[in-house]
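Following: one structure in structure tokens, then a few remarks.
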Amino acid sequence: MTLSVLLKHTFPAFAADVEFSAPTPGVVALFGPSGCGKSTVMSAISGLLKAEEAKVVLDGKVLSDLAPADRRVGVVFQDGRLFPHMTVASNLHYGLRRAPKANGRQRVGFDETVELLGIGHLLDRKPRRLSGGERQRVAIGRALLCQPDLLLMDEPLSALDATRKHEILPFLKRLHDDLDIPIVLISHSIEEVAQLADTLVLLDQGRVVAAGPVSEILARADLPFASSINAGAVLSVTVKAHHESRWLTELDAHGASVFVPICPEPVGARMRIRIPANEVVLGIKAPPENVSTNNMLLGTVRNLRETADKTMAMAEVMVGDALILSQLTPDSVMDLGIAPGTSAYAMFKSIGVQVF
């Protein structure tokens, strides 16, 4: 079960030459600078772009052979685009009316959608009485009730402030966890990508720089963004134990124990964490005692890369099966003798770990 996309099209400013595939169901994130071709790819998938060459295949079904209206693709835009004269309930029922009736199949029902997105108390309101986050949740609900085989989300959080983004992110996470509908997400936020995506496609100037599982792509030291604040390792973890006397939760990260500030999830719960590369310090000798760093993990340097201007180096450190990134100065690399194969301690504070 896969989504595969091939697109070739020439624009006045650049030429798009994109090809990638991703397992389904799951979330595919398109990430890159403005103007790199993310919206172009989404337009090709939906059929709104009449490309010179395009082939989109979803689970064996060739969508690119179909008219846009027949592709069963739901779209959520940045601004929601709700009908202002309709109530929330009417906007949602509009989505149901647009659902195909041929086979009688209903992947997601009205009540289920309302509960999933937490919008039951909004049904009698009109869009002008909704917050930005509420409008986006209703827009997602309307798209879901069209019974799509694929959901496209074009920067659904970009128009929201930080508070509203954190309000809606848990609902997007529920879409990922509770439904089997593949999602293609455009985002400029590493936090969104780390929390929601299964597959990451990096684009630049209309071409794919890298594509693959999000944990692997974000942890690669050879990619350009590794030298930016976006660099960091994303790990799937399981809650191992709560150490209440220390106010710490111990997580099992592919065999490595990572400590974070105590969290409410029960033992055995699965979640994701992100360890920013600029939070990780490397040491090649036994770590010191009586320091404020809770995490000191012994691993092996797998790869090392310097930026072109020689101002920064990125080390990939394997700790068990967990891959952790560390940003270093070239001077530190030289001074410590860090190279592929070097044993090193990856050290970072528990409060520096982002827990999703």
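Residue numbers for the sequence shown follow this note's numbering, so the first one is 2 and each next one is one higher. Glycine included, every Cβ here is placed at the ideal spot set by N, Cα and C.
Contact check, residue i vs residue j, beta carbons under 8 angstroms
i: Leu59; j: Pro128; result: no
i: Trp248; j: Pro262; result: yes
i: Leu186; j: Met154; result: yes
i: Lys350; j: Glu280; result: yes
i: Val28; j: His189; result: no
i: Val194; j: Phe357; result: no
i: Ala23; j: Thr301; result: no
Chain-order list of residues whose beta-carbon lies under 8 angstroms from that of residue i (same chain, five-residue window excluded)
i: Val139; result: Gly81, Leu83, Val89, Asn92, Leu93, Leu118, Ile120, Leu123, Pro128 and Leu131
i: Ala270; result: Thr239 and Val240
i: Cys37; result: Leu204, Asp205, Gln206 and Gly207
i: Val209; result: Val19, Glu20, Phe21, Val202 and Leu203
i: Thr25; result: Met2, Thr3, Leu4, Leu59, Asp60 and Pro183
Where residue i falls, given that 16 or more other Cβ within 10 Å makes a residue buried
i: Met335; result: exposed
i: Pro149; result: buried
i: Tyr346; result: buried
i: Thr330; result: exposed
i: Val109; result: buried
i: Phe12; result: exposed
i: Val289; result: In the sequence as displayed, the identity of residue 289 is Pro instead of Val. Burial call: exposed.
i: Gly342; result: exposed
i: Glu135; result: buried
i: Ile352; result: exposed
Own chain residues within Cβ distance below 7 angstroms of residue i, not counting five before or after
i: Phe15; result: Gln206 and Gly207
Top-ranked residue by Cα proximity to residue i, from the options
i: Glu168; options: Gln137, His177, His189 and Asp181; result: Gln137
i: Thr114; options: Ala212, Leu173 and Val28; result: Leu173
i: Thr308; options: Ser229, Asn291 and Pro24; result: Ser229
i: Ser216; options: Arg303, Ala234 and Asp310; result: Ala234
i: Pro277; options: Asp322, Asp310, Ile285 and Ile191; result: Ile191
i: Gly321; options: Asp253, Ser333 and Val354; result: Asp253
i: Phe78; options: Asp66, Ala70, Ser44 and Leu67; result: Ser44
Cβ-based neighbour list, residue i, same chain, cut-off 6 angstroms, excluding 5 preceding and 5 following
i: Ala17; result: Leu8, His10, Gly38, Thr41 and Gly207
i: Ile182; result: Leu152
i: Arg99; result: Cys147
i: Asn104; result: In this prediction, Asn104 scores a pLDDT of 49, lower than 50, which makes its location untrustworthy; no coordinate-derived value is stated.
Complete alpha helix (DSSP H) runs within the segment 12–100 (minimum length 4 residues, chain order)
Within the segment 12–100, the runs of alpha helix (DSSP H) that reach at least 4 residues and sit entirely inside it are, in chain order, 39–47 and 89–98.
Whole beta strand (DSSP E) runs in the segment 207–266 with 3 or more residues, listed along the chain?
208–214, 233–244, 249–254 and 257–262
Beta strand (DSSP E) segments (min. 3 residues) lying fully within the segment 150–191
151–155 and 184–188
Contained beta strand (DSSP E) runs [length at least 3] in the segment 267–329, N- to C-terminal order
271–277, 282–284, 296–307, 314–320 and 323–329
Let me know the alpha helix (DSSP H) ranges lying completely inside the segment 103–152, each 4 residues or longer, listed in chain order.
111–118 and 133–146
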